[in-house]
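Peer 1: Below is one structure. I have some questions about it.
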Amino acid sequence: MHFDAQLLTKYSKPGPRYTSYPTAPYFSPDFGKQAWLEELSSTQNKGRDLSLYVHIPFCDTLCHYCGCNMIATRHYERATAYLDYLFREIDRLAQLVAPGRLVRQIHWGGGTPTYLHPDDIRRLFAHLKSHFTIAEDAEIGCEVDPRELSAAHITALAESGFNRLSLGVQELDSKVQQAVNRVQPEALVREVYGWMRDANIASINMDLMVGLPHQTVAGFADTLDRIIDMAPDRLAVFSYAHVPWLKKHQILIKDADLPDLAARIALQQLLLERLNDAGYVYIGMDHYAKPNDELVKAQRNKTLYRNFQGYTTHKNCDILAFGVSAISQTEEVYVQNAKNLNHYQDEIVHDNLATERGLRISAEDRLRRDAILKLMCDLELNGNAFGEQWQIDFSNHFADALVQLQPLQQDGLIERQGNHLLVTDTGRLFLRNIAMCFDAYLGQETDNTPRYSRTL
Ligand code: SF4
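Start counting the sequence shown at 577; every next residue gets the next number (the numbering used here).
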């Protein structure tokens, strides 16, 4: 990987993360429950496996940087009640899915899934298991907050079958932790990590964050040393997206306390160098993994894929998503549940479905999504093969994109050999900027509200 601070400055601009294409702001209430029911019935015989996502929105406290759909509450009875709604939604969707369809992947996200008490973790997982056929080697993952956690939570996850846990750390510097209202001393992180290793969890990820208030190169270097010493299998290091116009509580973070662009670039450089020296491979889009990790192998074999959970090795799955704000996906459709908890619950009471908006994507969207995914996952796009696959003349069809790519080519982010596009080592840090050249929706917004965070 080649690090170029000037290019990072030049290309830092708002852009999507492409966990879907078109991106979520283009989902519409015109695509509602009836359309989703028809899609579910028409996709039954396509032979695609399933990925299940469950959203648990509750957290004990609010982290000031939070960008998730969450509810901070100490009233556990709200979670107990929520599980009843979730069970009804699971029952309904499971009835609409052919019994032979195999579940390859399960992910619980939030909020904080480990907000659930250990007994409820077991109960929810057992409910899913009783309704779906889960593959023996399924990837079963859950996000874990080390605070307010007991060893019994990890035991409940491990005994249920979870084999991938993701531990939210963000930063170990106590001044930063206090500024973002997420205090979790290193000793606590090590203890929880130890429970996970003792439970033989096959893969442990840690989430870190760059660009937080009061974060310094010296402090983050210290954090990285301590994290590398623990040796997680994967690391996801996100840039803090300061979007108080979208996430009101982020006004609790003062602009003056945030590292400026030069400091954020220095933090990124430190991160790349330290993780590279420690033997981690940069996958792309803030994800790092040990060289023998399945994500690294999948990238090498060109079987890596990207969906709402980020990078995944499960390319041909339909996603069925449960819970408030959760997003389901088939080959041609995205649908999102109601984002407001009361609305979600009202909809479930009504007919056990909470679909609020969605999108049937066009043939052109599918083709562009494929181009974007190839660049973000395979780090190349063979235009001639792509043209044959999609029955188009690649250079004509993407004439605009190829013009937009020219400055990125001149800056050494991408190489073009005829119709073959290759992301360079420098360009791996600019995947969003490269993908944006293929996005037909950018610039079509009808209002002036900024929709995306900056690429750095
Ligand atoms: S634990 Fe996660 S979801 Fe909950 S407030 Fe913190 S960042 Fe947001």
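The beta-carbon is built from N, C-alpha and C at its ideal position, and this holds for glycine as well. Values in this document were obtained by computation on a predicted structure and should not be read as measured data.
Excluding five sequence neighbours on each side, which residues of the same chain lie with their C-beta closer than 7 Å to the C-beta of Pro820?
Peer 2: Counted from its first residue, the sequence shown places residue 820 at position 244. Taken in chain order, the residues that qualify are Gln826 and Ile827.
Peer 1: Please state whether DSSP places Trp612 in a helix, a strand or coil.
Peer 2: Here residue 612 is taken as the residue at index 36 of the sequence shown, counted from 1. DSSP places Trp612 in helix when its eight states are reduced to three.
Peer 1: Less than 8 Å between the CB atoms is what I'm expecting for Phe579 and Leu848, so what's the real figure, rounded?
Peer 2: Counting from one through the sequence shown, the residue named residue 579 turns up at place 3. Counting from one through the sequence shown, the residue named residue 848 turns up at place 272. Indeed they touch by this definition, with Cβ atoms about 6 Å apart.
Peer 1: For Met952, does the three-state DSSP call read helix, strand or coil?
Peer 2: As a working mapping, residue 952 is identified with position 376 in the sequence shown. In the structure shown, Met952 sits in a helix (DSSP, three-state: H, G or I).
Peer 1: How big is the Cα-Cα spacing for Gln649 and Leu638?
Peer 2: Working through the sequence shown from its first residue, we reach residue 649 at position 73. Working through the sequence shown from its first residue, we reach residue 638 at position 62. Correcting the residue identity first, residue 649 is Thr in this sequence and not Gln. The straight-line gap from Cα to Cα measures roughly 9 Å.
Peer 1: Whole angstroms are fine: how far does the CA of Val793 sit from the CA of Ala842?
Peer 2: Mapped onto the sequence shown, residue 842 falls at position 266. Mapped onto the sequence shown, residue 793 falls at position 217. Cα to Cα, Ala842 sits roughly 7 Å from Val793.
Peer 1: Go through the segment 633–717 residue by residue and report every complete run of the beta strand (DSSP E) that reaches 3 residues or more, in order.
Peer 2: Runs of the beta strand (DSSP E) inside the segment 633–717: 678–686.
Peer 1: Suppose contacts are defined by Cβ-Cβ distances below 7 Å. Is Asp894 in contact with Arg624 by that definition?
Peer 2: Your numbering for residue 894 matches position 318 in the sequence shown. Your numbering for residue 624 matches position 48 in the sequence shown. Closer than 7 Å, so yes.
Peer 1: Among Phe796, Ile803 and Gly737, which has the Cα closest to the Cα of Glu767?
Peer 2: As a position in the sequence shown, residue 767 is number 191, starting the count at 1. Ranking the options by Cα distance to Glu767, first place goes to Ile803.
Peer 1: With a threshold of 16 other CB atoms inside 10 Å of the CB of Asn883, please say whether the residue is buried or exposed.
Peer 2: As a first step, residue 883 must be located in the sequence shown, where it is residue number 307. The residue is buried, with at least 16 neighbouring Cβ atoms inside 10 Å.
Peer 1: So, with DSSP's three-state summary, where would you put Met861?
Peer 2: On the sequence shown, position 285 is the one that residue 861 refers to. Three-state result, Met861: coil.
Peer 1: With respect to 6 Å, is the separation between the Cβ of Cys718 and the closest non-hydrogen atom of ligand 1 below this value?
Peer 2: If you number the sequence shown from 1, residue 718 lands on position 142. Result no, Cβ not under 6 Å from ligand 1.
Peer 1: With a 10 Å radius around its C-beta and 16 neighbouring C-beta atoms as the bar for buried, classify Lys950 as buried or exposed.
Peer 2: The residue labelled residue 950 in the question sits at position 374 within the sequence shown. That one is buried.
Peer 1: Quick one: Cα of Lys866 to Cα of Leu616, how far?
Peer 2: Position 290 of the sequence shown, counted from the start, is the residue given in the question as residue 866. Position 40 of the sequence shown, counted from the start, is the residue given in the question as residue 616. Cα to Cα, Lys866 sits roughly 37 Å from Leu616.
Peer 1: Under 6 Å from any heavy atom of ligand 1, does the C-beta of Gly687 make it?
Peer 2: The sequence position of residue 687 within the sequence shown is 111, counting from 1. Checking the Cβ of Gly687 against ligand 1 gives yes.
Peer 1: Quick check on Phe603: does DSSP put it in helix, strand or coil?
Peer 2: Locating residue 603 in the sequence shown gives position 27, where the first residue counts as 1. Coil.
Peer 1: Would you grab the beta carbon distance between Gly591 and Met1012 for me? Rounded to a whole angstrom, and I think it's under 8 Å.
Peer 2: Numbered from its first residue, the sequence shown carries residue 591 at position 15. Numbered from its first residue, the sequence shown carries residue 1012 at position 436. Right, the Cβ-Cβ distance comes to about 5 Å (below 8 Å), so this counts as a contact.
Peer 1: Looking at the structure shown, is Leu880 part of a helix, part of a strand, or coil, going by DSSP?
Peer 2: Translated into the one-based positions of the sequence shown, residue 880 becomes position 304. Residue state, collapsed to three classes: coil.
Peer 1: Sorted by chain position, which residues of the same chain lie with C-beta nearer than 8 Å to Ile924's C-beta, five sequence neighbours on each side aside?
Peer 2: Here residue 924 refers to the residue found at position 348 when the sequence shown is read from its first residue. Cβ neighbours of Ile924 beyond the five flanking positions: Tyr661, Arg664, Glu665 and Ala930.
Peer 1: Expressed to the nearest angstrom, what Euclidean distance is found between the alpha-carbon atoms of Pro983 and Ile682?
Peer 2: Numbered from its first residue, the sequence shown carries residue 983 at position 407. Numbered from its first residue, the sequence shown carries residue 682 at position 106. Approximately 41 Å, taken between the alpha carbons.
Peer 1: Just checking, does the segment 722–731 make contact with the segment 764–784 on the three C-beta pairs under 8 Å criterion?
Peer 2: Flag = yes, the segment 722–731 and the segment 764–784 touch.
Peer 1: Would you identify the three-state DSSP class for Ser901, choosing helix, strand or coil?
Peer 2: Taking the first residue of the sequence shown as 1, we reach residue 901 at position 325. Looking at Ser901 - three-state DSSP - the assignment turns out to be coil, as it is neither helix nor strand.
Peer 1: When the Cα atoms are used, what is the spatial distance from Arg680 to Ala711?
Peer 2: For the purposes of this step, residue 680 is identified with residue 104 of the sequence shown, where counting begins at 1. For the purposes of this step, residue 711 is identified with residue 135 of the sequence shown, where counting begins at 1. Looking at the two C-alpha atoms, the distance is approximately 6 Å.
Peer 1: Quick check: is any heavy atom of ligand 1 less than 6 Å from the C-beta of Met782?
Peer 2: Along the sequence shown, one-based indexing puts residue 782 at 206. For ligand 1, not one heavy atom lies less than 6 Å from the Cβ of Met782.
Peer 1: For Ala674, count the other beta carbons within 10 Å of its own beta carbon; 16 or more makes it buried, fewer makes it exposed. Which is it?
Peer 2: For the purposes of this step, residue 674 is taken as residue 98 along the sequence shown, with counting starting at 1. Exposed is the call here.
Peer 1: Taking all protein chains shown into account, decide if Val543 is buried (16 or more other Cβ within 10 angstroms of its Cβ) or exposed.
Peer 2: Not covered by the structure: residue 543. The range shown for the chain is 577 to 1032.
Peer 1: Is it true that the segment 689–704 meets the segment 902–913, where meeting means three or more beta-carbon pairs spaced less than 8 Å apart?
Peer 2: Segments in contact, no.
Peer 1: When every heavy atom of ligand 1 is checked, does at least one fall within less than 6 Å of the C-beta of Asp721?
Peer 2: Numbered from its first residue, the sequence shown carries residue 721 at position 145. Result yes, Cβ under 6 Å from ligand 1.
Peer 1: Does DSSP put Ser742 in a helix, in a strand, or in coil?
Peer 2: Counting from one through the sequence shown, the residue named residue 742 turns up at place 166. DSSP places Ser742 in strand when its eight states are reduced to three.
Peer 1: According to DSSP, is Ser815 helix, strand or coil?
Peer 2: Stepping through the sequence shown from its first residue, residue 815 is reached at position 239. In the structure shown, Ser815 sits in a strand (DSSP, three-state: E or B).
Peer 1: Could you tell me the alpha carbon to alpha carbon distance between Thr585 and Asn918, rounded to whole angstroms?
Peer 2: Working through the sequence shown from its first residue, we reach residue 585 at position 9. Working through the sequence shown from its first residue, we reach residue 918 at position 342. Cα to Cα, the separation comes out at about 42 Å.
Peer 1: Identify the continuous beta strand (DSSP E) that holds Thr888 and give its terminal residues.
Peer 2: Position 312 of the sequence shown, counting from 1, holds the residue named residue 888. Looking at the DSSP string, the run of the beta strand (DSSP E) that includes Thr888 is Gly886 to Thr888.
Peer 1: Determine the extent of the beta strand (DSSP E) in which Asn757 is found, giving its start and end residues.
Peer 2: Against the sequence shown, residue 757 aligns to sequence position 181. Asn757 -> no beta strand (DSSP E), and no H or E assigned at all.
Peer 1: Give a yes or no on whether the C-beta atoms belonging to Gln912 and Phe603 are separated by under 7 Å.
Peer 2: Along the sequence shown, one-based indexing puts residue 912 at 336. Along the sequence shown, one-based indexing puts residue 603 at 27. In contact: Gln912 and Phe603 (Cβ atoms closer than 7 Å).
Peer 1: If we require 3 or more residues per run, which beta strand (DSSP E) segments fall completely within the segment 971–1019?
Peer 2: Complete beta strand (DSSP E) runs here, min 3: 990–993 and 996–999.
Peer 1: Should Met785 be listed as close to ligand 1, given that the test is whether its C-beta is under 6 Å from any heavy atom?
Peer 2: Residue mapping note: residue 785 aligns to position 209 of the sequence shown, counting from 1. No, ligand 1 has no heavy atom inside 6 Å of this Cβ.
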